[in-house]
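*Asks:* Using this note's numbering, the first residue of the sequence shown is number 76, and each one after it goes up by one.
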Amino acid sequence: MEDETLLMLPGPVPMPERVRSAMARQAINHRGAEFGNAYADIVRVLKGLFGTKNNPLVISGSGTSGMEAAVSNFGKGRKMAHLINGKFGERMYTIGQRYASEALPIESEWGTPLNLEKLTSALEDGVEVVTMVHNETSAGILNPGEEVGKICRKHDALFIMDGVTSIGGDVFKADDWFVDVAIVGSQKCLAAPAGLAAVSVSDRAWDRVVKNPPYYLDLPAYKKNAAKDPMETPYTPAVPIFLALREACLIIEEEGIENRISRHHKMAKAVRSAVAAWGVDMFPKTDAIHQYSNTVTAACIPANSNDKDFRGSVKKFGIQIAGGQDHLKDKIFRIGHMGAVSAPELLATIAATEYTIRKTGHKVTDSGVMAAAEVLG
Ligand code: PLP
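#1: Pick out whichever of P377, G136, T424, G224 has its Cα sitting closest to the Cα of A343.
#2: By Cβ distance, which residues of its chain are closer than 6 Å to W353, with the 5 residues on each side in sequence left out?
#3: Within the same chain, show all residues whose beta-carbon is closer than 6 Å to that of H437, passing over the 5 residues directly before and after it, in chain order.
#4: Label T169 either buried or exposed according to how many other C-beta atoms from any shown protein chain fall within 10 Å of its C-beta, with 16 as the threshold for buried.
#5: What residue does the alpha helix (DSSP H) around S147 start on, and which one ends it?
#6: Just list the residues that DSSP pairs L265 with in beta bridges.
#7: So if DSSP puts A178 in a beta bridge, which residue, or which two residues, is it bridged to?
#8: Buried or exposed for G215, going by 16 or more other Cβ atoms inside 10 Å?
#9: Compute every distance between the C-beta of F234 and the non-hydrogen atoms of the ligand PLP, then say whether any falls below 7 Å.
#10: May I ask you to verify whether the segment 333-340 touches the segment 280-292, counting CB pairs closer than 8 Å and requiring at least 3?
#11: Count the other CB atoms within 10 Å of the CB of Q101; is the residue buried (16 or more) or exposed (fewer)?
#12: Since I117 is in the alpha helix (DSSP H), which residue starts that stretch and which ends it?
#13: Starting from I407, follow the alpha helix (DSSP H) in both directions and report where the run begins and ends.
#14: Which residue comes first and which comes last in the alpha helix (DSSP H) that contains D278?
#15: If we require 4 or more residues per run, which alpha helix (DSSP H) segments fall completely within the segment 265-336?
#16: At what residues does the beta strand (DSSP E) containing F234 begin and finish?
#17: Which same chain residues, not among the five before or five after A280, have their C-beta less than 8 Å away from its C-beta?
#18: Reducing DSSP to helix, strand and coil, say where E211 ends up.
#19: Is F163 near the ligand PLP - that is, is its Cβ less than 7 Å away from at least one heavy atom of it?
#20: What would DSSP say about M90, mapped onto helix, strand or coil?
#21: What span of residues does the beta strand (DSSP E) with T80 cover, start to end?
#22: May I ask you to list the residues that DSSP assigns as paired with Y168?
#23: May I have the straight-line CA-CA distance separating I117 from A418, to the nearest angstrom?
#24: For the beta strand (DSSP E) that I134 lies in, which residues bound it at each end?
#25: Based on Cα-Cα distance, which residue from V223, A272, A266 lies nearest to D251?
#26: Consult DSSP for I103 and reduce its assignment to one of helix, strand or coil.
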C-alpha cells in the first residue's frame, strides 16, 4: 500500500506518531495563547538548530516560500550573485531574476565545487547580496557555508543561505558563519509535515530590508507579529502544521541537538560505506571544503540500468528512494537519511538497494549491508 511505503527521500520524510497526532484535532484560534505558545516552542528549538540568537520567523509555505522571502526582502532592486552547483542553486537564481536589479549566476557543474574566485571578483564588482545552497540536495554535496560567509562579510555583502535540507540534520551556525538570512523547510530534517518554512534574519540584514517586499512575504510584518504576546503571524497560518512542527521540535529538543547531528553523521557514514563496498561511484566531486552531504547520499546508477527499473526494484520492497532531477535522471539515485530515520529503516534500504545493484549485473566488491552495519552497530 502506498501509504505504508517507507519514504527514504530527501524530504518529505516519515513523521513520528506524536507529530502526526498533534495535527489531528479541533481548530484553535490563531490569535490566542495556545497558538502563541506553540510558535514560541518552535522558535526556541529552531534558534538552536540555526545557530542564531535571532528568532526564526515561520511562513505558511514550503521551503521555496522561504527562499523567495529571503531574496525579495533583501535582494529586490539590488545586484545579486547566485552560487550554483545543483537544482536549488538554480532556483535561487531564477528567483533572483524576478527581484534583483541584476542577477549574476556563478555556475559550476552540478555536484562539483562552487567557484569562489568568481564570487570574489563579483563582490569586487559591487554585488550586494549573495545566495548559496548549503546542502545541495539534487547533487548530494555540502557547500562551505563558513568560507562563503567570511568572503561575503569581507565585502560587506548580505549572505542568504538555503539550509532547507541541512538545518536540523547537520551543523549550521548562522551567527558564527555570518549568514544573514537562513531558511529551513518543515518536511526535511525536522521530520514535520510539508508546508512551513522558517527564516532567520540578522540585525544587519534588518537594517537593509527593502521598502516594498511582496505582500504575503513581508518579513517585517512577520517580525512585528512574532513580537506580540502571544506570538502571532500576520495572516492566518497553517495551524495544524504549526502544531505538528511544534511536536517535531519538542522531539528534537528531547533528543538533543548534538545527538541529533551525530546521528545524522553516523547514518550518512553508513550509507557512504555501503556505496564504497558496492564499488559504485559517489556522484559529487568534493574537495577540502566541499563535503558529501550528511542528509542525502547521491550515487551513480550502474551503467546498464535506468531510473525507472532501479527505483522500481527498490520499491518492490516497500521503500522509496529518489532519482536524479532534470539531466541527472537515469544517472543517479539518492537515498535520503534525514529526520527520524532509524537504523533498521536504513539497513532495509541499503539491503534493497544492494539487491537492486546486484541485479543490474554490476560486480559488487563487498557487502554494503555489512559495511553499513559495522558503522551503525
Ligand atoms: N532548497 C533545497 C536545498 C531543497 O532540497 C528543496 C526541496 O527539496 C527546496 C529548497 C525547496 O523546498 P520546497 O520543495 O519545500 O519548496
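From the three backbone atoms N, C-alpha and C, an ideal C-beta is built for every residue, glycine too.
*Replies:* By the coordinates alone:
#1: Counting from one through the sequence shown, the residue named residue 343 turns up at place 268. Here the closest residue by C-alpha is T424.
#2: The sequence position of residue 353 within the sequence shown is 278, counting from 1. Same-chain partners within the cutoff: I432, V439, G443.
#3: Here residue 437 refers to the residue found at position 362 of the sequence shown. Non-local beta-carbon contacts of H437 in its own chain, meaning distances under 6 Å to residues more than five positions away in sequence, involve P377 in chain order.
#4: Locating residue 169 in the sequence shown gives position 94, counting from the first residue. Taking all protein chains in view, the Cβ of T169 is surrounded by fewer than 16 other Cβ atoms within 10 Å, so the residue is classified as exposed.
#5: Taking the sequence shown and counting its residues from 1, the one referred to as residue 147 is at position 72. Secondary structure note for S147: its alpha helix (DSSP H) is the uninterrupted segment 138-150.
#6: Residue numbering aside, residue 265 sits at position 190 when the sequence shown is read from its first letter. Paired residues: none, contrary to the question.
#7: On the sequence shown, position 103 is the one that residue 178 refers to. DSSP output for A178 lists M155 as bridge partner(s).
#8: Counting from 1 along the sequence shown, the entry for residue 215 is found at position 140. By the 10 Å Cβ count, G215 comes out buried.
#9: The count along the sequence shown starts at 1 and reaches residue 234 at position 159. Relative to the non-hydrogen atoms of the ligand PLP, the Cβ of F234 never comes closer than 7 Å to any of them.
#10: The segment 333-340, when compared against the segment 280-292, does not touch it at the 8 Å Cβ threshold.
#11: Locating residue 101 in the sequence shown gives position 26, where the first residue counts as 1. Counting Cβ neighbours within 10 Å, Q101 comes out exposed, since fewer than 16 surround it.
#12: As a position in the sequence shown, residue 117 is number 42, starting the count at 1. Residues 108-125.
#13: Here residue 407 refers to the residue found at position 332 of the sequence shown. Not the alpha helix (DSSP H): I407 falls in the beta strand (DSSP E), residues 407-411.
#14: The residue given as residue 278 occupies position 203 in the sequence shown. Run containing D278: 278-282, per the alpha helix (DSSP H) assignment.
#15: Counting whole runs of 4 or more residues, the segment 265-336 contains the alpha helix (DSSP H) stretches 278-282, 294-301, 314-330.
#16: Within the sequence shown, residue 234 is the residue found at index 159, counting from 1. Note, F234: beta strand (DSSP E), 233-237.
#17: Position 205 of the sequence shown holds residue 280. Hits under 8 Å: F149, L233, D255, V256.
#18: The sequence position of residue 211 within the sequence shown is 136, counting from 1. Residue state, collapsed to three classes: strand.
#19: Against the sequence shown, residue 163 aligns to sequence position 88. Yes, the beta carbon of F163 sits closer than 7 Å to at least one heavy atom of the ligand PLP.
#20: Along the sequence shown, one-based indexing puts residue 90 at 15. Correct three-state label for M90: coil.
#21: Start at 1 with the first residue of the sequence shown, and residue 80 comes out as number 5. Run containing T80: none; DSSP gives neither H nor E here.
#22: Residue 168 sits at position 93 when you count from the first residue of the sequence shown. DSSP, once it has assigned bridges, lists no residue as partnering Y168.
#23: Stepping through the sequence shown from its first residue, residue 117 is reached at position 42. Stepping through the sequence shown from its first residue, residue 418 is reached at position 343. Between the C-alpha atoms of I117 and A418 there is a straight-line separation of about 27 Å.
#24: Taking the sequence shown and counting its residues from 1, one reaches residue 134 at position 59. Residue range 132-135 is occupied by the beta strand (DSSP E) that includes I134.
#25: Taking the sequence shown and counting its residues from 1, the one referred to as residue 251 is at position 176. When only C-alpha atoms are compared, the closest one is V223.
#26: Counting from one through the sequence shown, the residue named residue 103 turns up at place 28. I103 falls in the coil class under three-state DSSP.
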